[in-house]
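I have placed the structure first, in the form of structure tokens, so that the comments after it can refer back to it.
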Amino acid sequence: MQQISSFSEHQPGSLYLVPTPIGNLDDMTFRAIKTLKEVDLIAAEDTRHTQQLLNHFEIPTRQISFHEHNTEQRVPELIAKLKAGLSIAQCSDAGMPSISDPGKELVAAAVKAGLPVIPLPGANAGLTALIASGLVPQPFYFFGFLERKHQQQVTALEKLKNREETMIFYEAPHRLKKTLATMAEVFGDQRRIVLARELTKRYEEFTRGTLAEVLAWYDQHQARGEFVILVAGNDQPADATPATSQLSLTEQVDQAILTGLSTNAAIKLVAKQNHVKRQELYKQYHQL
273 MQQISSFSEH QPGSLYLVPT PIGNLDDMTF RAIKTLKEVD LIAAEDTRHT
323 QQLLNHFEIP TRQISFHEHN TEQRVPELIA KLKAGLSIAQ CSDAGMPSIS
373 DPGKELVAAA VKAGLPVIPL PGANAGLTAL IASGLVPQPF YFFGFLERKH
423 QQQVTALEKL KNREETMIFY EAPHRLKKTL ATMAEVFGDQ RRIVLARELT
473 KRYEEFTRGT LAEVLAWYDQ HQARGEFVIL VAGNDQPADA TPATSQLSLT
523 EQVDQAILTG LSTNAAIKLV AKQNHVKRQE LYKQYHQL
């Protein structure tokens with residue numbers, strides 16, 4: 273059992289996880305500013321973006337890049353610096369480190385090495401949208417970004433369609449309509465959703481309605497800014513276990529195909545659900 277007391281005003285050899293504003297710079301906390309000034313190094317997702325923040329708050333601390341494309345190289349390097357006694361603040365471009373942003377690999381490595389990991393509270397787009405959505409705020413299920421390909425989205429959403437919690441997704445503006453259409457395909461177009469865009473910024477906006485209503489609205493309007501999609505939980509979840517347990521494996525594949533999955537995706541899903549080898553089910557389904 274590992275137990276490390278991590279809080280102090282300033283602790284050498286510690287990894288500080290520092291949230292940054294999701295739009296409005298006034299949401300930067302006093303503690304976050306103080307921490308960024310006192311640490312030896314800032315590991316930033318985009319050093320150019322973070323430099324604007326540092327300039328605004330007159331923070332002179334040196335930066336090093338740490339993003340999804342250099343994680344393998346940077347983690348050992350940063351852990352070595354922490355072990356040498358340097359204090360490091362890790363931050364992403366906006367919001368909480370590790371939440372749909374870089375950070376989790378560095379945190380895991382620091383914990384494994386027995387180094388103090390000190391989280392600071394701060395801005396988070398998902399929770400900010402949730403409390404103003406009008407949907408049931410708890411329990412909730414945070415997903416983040418869906419995969420980009422249609423079939424991958426369908427597969428992920430099929431696993432979520434019977435969840436009773438409010439679900440939170442992130443999406444870029446140029447993919448919004450496609451993602452909403454896929455949600456309507458899987459969840460049904462009468463499922464209630466809320467779109468929150470440009471949170472904490474000048475043009476902050478909430479769009480509320482069914483998937484059908486919101487899709488119709490966005491057919492006539494251009495999507496701008498980053499979006500949080502909040503989907504109401506299923507208040508009448510189907511208990512799939514009794515129904516599918518009475519079906520043969522091939523019948524379960526046929527049923528999955530009816531939901532919009534390709535044959536191969538349906539075979540993969542049914543094989544996983546029934547703990548059988550995909551190749552064997554493939555042969556059985558195609559009578560090979």
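Numbering (the working numbering), first residue to last: 273 to 560. Using N, Cα and C, we set each Cβ at its ideal position, and we do this for glycine too.
- request: Compute the minimum distance between the beta carbon of Arg303 and the heavy atoms of the ligand ADP, and state whether it is under 7 Å.
  value: In the structure on display, the ligand ADP does not appear, and there are no ligands present to speak of.
field: Cut-off 8 Å between Cβ atoms - residues of its own chain near Asp587, not counting five sequence neighbours on either side
entry: Examination of residue 587 is not possible in this model, given that the chain is present from 273 through 560 alone.
message: So, at 8 Å on beta carbons, what are the nonlocal neighbours of His328 in its own chain, with the 5 sequence-adjacent residues on each side left out?
response: Locating residue 328 in the sequence shown gives position 56, counting from the first residue. Sequence-distant Cβ neighbours of His328 in its own chain, meaning closer than 8 Å and more than five residues away, are Leu297.
field: Span of the alpha helix (DSSP H) around Ser405
entry: Residue numbering aside, residue 405 sits at position 133 when the sequence shown is read from its first letter. For Ser405, the enclosing alpha helix (DSSP H) covers residues 397-405.
task: For Pro610, count neighbouring C-beta atoms within 10 Å of its own C-beta (all shown protein chains included) and say buried if the count is 16 or more, exposed if not.
output: Residue 610 lies beyond the range of the chain shown here (273 to 560); nothing can be said about it.
- prompt: Closest to Pro445 by CA distance: which of Ala495, Gly386, Thr438 is it?
  reply: Here residue 445 refers to the residue found at position 173 of the sequence shown. Pro445 has its Cα closest to that of Ala495, out of Ala495, Gly386, Thr438.
message: I'd like the list of long-range same chain contacts for Thr292, defined as Cβ closer than 8 Å, with 5 residues on each side in sequence excluded.
response: Locating residue 292 in the sequence shown gives position 20, where the first residue counts as 1. Met300, Ala304, Thr322, Leu325, Cys363, Ser364, Asp365, Ala366, Gly367, Gly394, Ala395, listed in sequence order.
- request: Provide the residue span of the beta strand (DSSP E) that contains Thr482, from first to last.
  value: Here the question's residue 482 lines up with position 210 in the sequence shown. Thr482: member of the beta strand (DSSP E) spanning 477-482, first to last residue.
query: For Gly505 versus Thr438, is the C-beta distance shorter than 8 Å?
result: Indexing the sequence shown from 1 puts residue 505 at position 233. Indexing the sequence shown from 1 puts residue 438 at position 166. A Cβ-Cβ contact shorter than 8 Å links Gly505 with Thr438.
- prompt: Roughly how many angstroms lie between the CA atoms of Val379 and Val389, to the nearest whole one?
  reply: The residue you call residue 379 lines up with position 107 of the sequence shown. The residue you call residue 389 lines up with position 117 of the sequence shown. Between Val379 and Val389, the C-alpha separation is close to 7 Å.
Coil, strand or helix - Ala512 by DSSP: For this step, residue 512 is matched to residue 240 along the sequence shown. Its pLDDT being 46, under 50, Ala512 is placed unreliably in this model, and the value from its coordinates should be taken loosely. DSSP, reduced to helix, strand and coil, places Ala512 within a helical segment of the structure shown.
message: Just to confirm the assignment: which complete alpha helix (DSSP H) runs, minimum length 4, are found wholly within the segment 413-454?
response: Taken in chain order, the unbroken stretches of alpha helix (DSSP H) that lie wholly in the segment 413-454 and span 4 residues or more are 422-430.
- prompt: Do the CB positions of Leu452 and Val486 come within less than 8 Å of each other?
  reply: By 1-based counting over the sequence shown, the position of residue 452 is 180. By 1-based counting over the sequence shown, the position of residue 486 is 214. If you check the CB distance, Leu452 and Val486 come in under 8 Å.
query: Can you tell me the Cα-Cα spacing of Ala456 and Thr482, whole angstroms?
result: Walking along the sequence shown from the start, residue 456 turns up at place 184. Walking along the sequence shown from the start, residue 482 turns up at place 210. A direct Cα-to-Cα measurement between Ala456 and Thr482 gives close to 9 Å.
message: Let's test the definition: count the other Cβ atoms within 10 Å of the Cβ of Tyr475 and tell me whether it reaches 16, buried, or not, exposed.
response: Mapped onto the sequence shown, residue 475 falls at position 203. The residue in question, Tyr475, is exposed, as its Cβ has fewer than 16 Cβ neighbours within 10 Å.
message: Is there a Cβ of chain C sitting closer than 8 Å to that of Gly295, yes or no?
response: The structure shown has no chain C; it contains just one protein chain.
- prompt: Nearest-angstrom Cα distance between Ala488 and Val458?
  reply: Reading the sequence shown from its first residue, position 216 is the one you call residue 488. Reading the sequence shown from its first residue, position 186 is the one you call residue 458. Taking the straight line from one Cα to the other gives about 17 Å.
- prompt: How should Arg420 be labelled, buried or exposed, when 16 other C-beta atoms within 10 angstroms of its C-beta is the threshold for buried?
  reply: Reading the sequence shown from its first residue, position 148 is the one you call residue 420. Exposed.
- prompt: What separation, rounded to the nearest whole angstrom, lies between the Cα atoms of Gln425 and Leu530?
  reply: As a first step, residue 425 is located in the sequence shown; it is residue number 153 there, counting from the start. As a first step, residue 530 is located in the sequence shown; it is residue number 258 there, counting from the start. One C-alpha to the other measures close to 16 Å.
query: Are Phe499 and Leu418 close, meaning C-beta to C-beta below 8 Å?
result: Numbered from 1 along the sequence shown, position 227 holds the residue referred to as residue 499. Numbered from 1 along the sequence shown, position 146 holds the residue referred to as residue 418. Not closer than 8 Å, so no.
Host alpha helix (DSSP H) of Ile529 (start-end): Position 257 of the sequence shown, counting from 1, holds the residue named residue 529. Per DSSP, the continuous alpha helix (DSSP H) segment holding Ile529 begins and ends at 521-530.
message: Could you tell me the alpha carbon to alpha carbon distance between Gln423 and Val542, rounded to whole angstroms?
response: Position 151 of the sequence shown holds residue 423. Position 270 of the sequence shown holds residue 542. Spanning the two alpha carbons is a distance of roughly 15 Å.
task: If I'm right that Ala315 touches Leu350 with Cβ under 8 Å, what's the distance once you round it to whole angstroms?
output: As a working note, residue 315 is residue 43 in the sequence shown. As a working note, residue 350 is residue 78 in the sequence shown. That pair is a contact at about 6 Å.
Length of the line joining the Cα atoms of Asn546 and Leu429: Taking the first residue of the sequence shown as position 1, residue 546 is located at position 274. Taking the first residue of the sequence shown as position 1, residue 429 is located at position 157. Their backbone Cα atoms lie some 19 Å apart in a straight line.
- request: Pull up the distance between the alpha-carbon of Phe412 and that of Asn434, whole angstroms please.
  value: As a position in the sequence shown, residue 412 is number 140, starting the count at 1. As a position in the sequence shown, residue 434 is number 162, starting the count at 1. One C-alpha to the other measures close to 13 Å.
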